[in-house]
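There are 2 protein chains.
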Amino acid sequence: MSGNFHLTILGSSSATPTSNRNPSGQYLNFIDRNILIDCGEGTQSQIRRYKLKLTKIEHIFISHLHGDHYFGLPGLLSSLHLLNQTHEVHLYCFKELKEILEQIFKYSDTYLRYRLVYHFLDPKRPEVIFEDDKIQVSSFPLKHRIACCGFIFREKPSLLSVKKDMIELYKLSPHDIVKIKNGEDFLDEEGNLVKNQHLTHAPNPLLSYAYCSDTVYDELLAEILYNVSLLYHEATFCNDQKERAEVTFHSTAEQAALIAKKAQVEQLLIGHFSSRYKDTGVFVQEAKAVFEKTFLAEEGKTFVL
Amino acid sequence: MSGNFHLTILGSSSATPTSNRNPSGQYLNFIDRNILIDCGEGTQSQIRRYKLKLTKIEHIFISHLHGDHYFGLPGLLSSLHLLNQTHEVHLYCFKELKEILEQIFKYSDTYLRYRLVYHFLDPKRPEVIFEDDKIQVSSFPLKHRIACCGFIFREKPSLLSVKKDMIELYKLSPHDIVKIKNGEDFLDEEGNLVKNQHLTHAPNPLLSYAYCSDTVYDELLAEILYNVSLLYHEATFCNDQKERAEVTFHSTAEQAALIAKKAQVEQLLIGHFSSRYKDTGVFVQEAKAVFEKTFLAEEGKTFVL
């Protein structure tokens, strides 16, 4: 794999699976972290089908407790157990999921061989739920029929890369270099201030990915989603079912595009399509009329940033 | 469909699914009753794939609470709800499954649109768990790591068919005919006893199907399984893993065949293959050496009796 962001769609359907669409699931490799976002029924089989590594998953994010977003989780966790998984798996979810999983494992007399670490989501307010040296993940509430969270995955600024010719020109010491990598300017022997930008390569823009699983149209999201590199926003219906979307707390393709436009994101990915639409072409057509850089979530498709 | 027995294999794998094998699930159409036996993850998608009718299922039998036998059930029951299922669905399972399902539905705020009727299995002794005018279903305990039941589906004797020429010869009245259909002999005008066999067509042999999901080799089963038309018996391993089979309370292909032979069944079907075997040919080869009429459970294959 090259690139810092590979997102593979495991499922693009809402509620009921269809003959060619699976319920929600996305496999994200983000700056070498292996992440699963939602886990509808059949997710582990999809991961195998697309030659991704089940046992490499370190973080699992479950947006809410409608079955099409987590019914594949008990099976996936059991398979990790049977495959002798040893490293910790971190699960970010509502606290009720722990009760459900513990009951399932109790009655099957299963004691997981690996450590499953729960991190409970706050359904009321945004918060940082994971952070290491390279990435930061936040959750934020979505407006749906039951408690539901979206997630934002952000690349963190890394150390700057110092230009070789500058090291020679200014005879930079290892100590100087560390300071410059961290963004400091440099004072040369004659007391001249050399700006950091002059000494370092321009950093790559930082990647970010936002995931809005199930939500009614909510303009307030635009602020949280501002300027992300890629936004996944559900589009369960097209505008012909706008009222139904509102009643069921879902969005239409146009509404997803309006959010993308308002939030000034770079690209939009739509999914969670109702089984009533046999052809998903209508979704992308509707969304593109508002936001040109729209793409369709399709099983097995990988998006690279 | 013609025939009184159509059994379609939805999954033939044990524990973890493989790229081409699903966990346990069988769709049985038995004298026009639509029955699902076990429901591993992905079962609803398999039912769609093989063009079977999800909404026609009336009875669901779950042998035990290892995930590869029921992790597809919450999704299947939810889909029936979303598909506006109206008729009752009868679920035969251990009582703990009710707790699991009720918790899942509670947290997704789901109130099923149809009536789900629970019938709890007795893990200790055989019992009749369903009976109507055409079929009878019994459960019986299997020896596995956790409580587990097998099932026997039996066709009930139907009314006999009276030969047309006998109706004319003996001038049988509608009243006589009803008695003869029920197996009675006939006393003619001259006081001669005419045996029922002389008046009626020989009935078709009664069909029966036994399902032994997960079990260690257990000779005592032969008595319960005596003479069934078709026996499904798990064969998780081949004899190269005989010790492992014993430790994990599973059977080998040879052991399944020994049970079939001892029980004098007509045909044997084996399944629940461990993912360590890429090629299932070895199972049938091993079993056939003991019991010739052995068949392999394979996804999508339908057995007609």
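Order-wise, the sequence lines are chains A and B. Using our numbering, you'd call the opening residue of the first sequence number 0 and step up by one each time. Using our numbering, you'd call the opening residue of the second sequence number 0 and step up by one each time. All C-beta atoms, glycine included, are put in the ideal place defined by N, C-alpha and C. Note that the structure is a prediction, hence the values are computed from the model and not measured.
Query: C-beta neighbour in chain A for residue 4 (chain B), strict 8 Å; Result: no
Query: Sequence-distant residues of the same chain with beta carbon closer than 6 Å to residue 14 (chain A), five excluded per side; Result: 67
Query: Residues within the stretch 14-26 of chain B neighbouring chain A, beta-carbon criterion of under 7 Å; Result: 14, 15, 16 and 18
Query: For residue 35 (chain A) and residue 59 (chain A), believed in contact at Cβ under 8 Å, the rounded distance; Result: 5 Å
Query: Bridge partner(s) assigned by DSSP for residue 135 (chain A); Result: A:130 and A:153
Query: Minimum Cβ-Cβ distance from residue 303 (chain B) to chain A less than 8 Å; Result: no
Query: As assigned by DSSP and simplified to three states, the class of residue 33 (chain A); Result: strand
Query: Contact with chain B by residue 297 (chain A), beta-carbon distance below 8 Å; Result: no
Query: Beta-carbon gap between residue 232 (chain B) and residue 259 (chain B) smaller than 8 Å; Result: yes
Query: Start-end ranges of the beta strand (DSSP E) lying completely within the stretch 162-217 of chain B, minimum 3 residues; Result: 207-211
Query: Start-end ranges of the alpha helix (DSSP H) lying completely within the stretch 60-144 of chain B, minimum 4 residues; Result: 72-81 and 94-106
Query: Same chain only: Cβ atoms within 8 Å of residue 112 (chain B), ignoring 5 sequence neighbours per side; Result: 80, 83, 84 and 85
Query: Proximity test, Cβ basis, 8 Å: residue 278 (chain B) and chain A; Result: no
Query: Secondary structure of residue 303 (chain A), DSSP reduced to three states; Result: strand
Query: Per-residue burial, residue 20 (chain A) [other beta carbons within 10 Å of its own, 16 or more giving buried]; Result: buried
Query: Cα-Cα separation between residue 194 (chain A) and residue 182 (chain A), rounded to whole angstroms; Result: 9 Å
Query: Backbone secondary structure at residue 266 (chain A) - three-state DSSP; Result: strand
Query: Neighbour flag for residue 102 (chain A) against chain B, beta carbons, 8 Å; Result: yes
Query: Cutoff 8 Å: residue 284 (chain B) Cβ touching any chain A Cβ; Result: no
Query: Below-8 Å beta-carbon distance, residue 70 (chain B) vs any chain A residue; Result: yes
Query: Beta-carbon contacts of residue 262 (chain B) that lie in its chain and below 6 Å, excluding the five residues immediately before and after; Result: 221, 224 and 225
Query: Rounded straight-line distance, which links the Cα of residue 253 (chain B) to that of residue 288 (chain B); Result: 8 Å
Query: Test: residue 62 (chain B) CB closer than 8 Å to a CB of chain C; Result: Note that chain C does not occur in the displayed structure, where the protein chains are A and B.
Query: Span separating the alpha-carbon of residue 1 (chain B) from that of residue 133 (chain B); Result: Here the model assigns residue 1 (chain B) a pLDDT of 49, short of 50, so the residue's position is not dependable, and the following value carries that caveat. The alpha-carbon atoms of residue 1 (chain B) and residue 133 (chain B) are separated by roughly 17 Å.
Query: Proximal residues to residue 23 (chain B) (C-beta, below 7 Å), its chain only, five neighbours per side dropped; Result: 10, 37, 39, 67, 68, 212 and 271
Query: Contact set between the stretch 27-61 of chain B and chain A, restricted to residues whose Cβ is under 7 Å from the partner; Result: 40, 41, 43, 44, 47 and 48
Query: Minimum Cβ-Cβ distance from residue 82 (chain B) to chain A less than 8 Å; Result: yes
Query: Inter-stretch contact at 8 Å, needing at least 3 Cβ pairs: the stretch 155-163 of chain B / the stretch 94-106 of chain B; Result: no
Query: Pick from A:41, A:107 and A:249 that is closest to residue 17 (chain A), judged by C-alpha positions; Result: A:41
Query: Cβ pair residue 230 (chain B), residue 209 (chain B) closer than 8 Å; Result: yes
Query: Pick from B:285, B:54, B:65 and B:109 that is closest to residue 89 (chain B), judged by C-alpha positions; Result: B:54
Query: Simplified DSSP assignment, three categories, for residue 17 (chain B); Result: coil
Query: Cα-Cα separation, residue 7 (chain A) to residue 33 (chain A); Result: 11 Å
Query: Local conformation of residue 256 (chain A) per DSSP, three classes; Result: helix
Query: Enclosing beta strand (DSSP E) for residue 230 (chain A) [first to last residue]; Result: 229-233
Query: 8 Å Cβ shell around residue 180 (chain B) - same chain, five flanking residues per side excluded; Result: 158, 159, 160, 161 and 199
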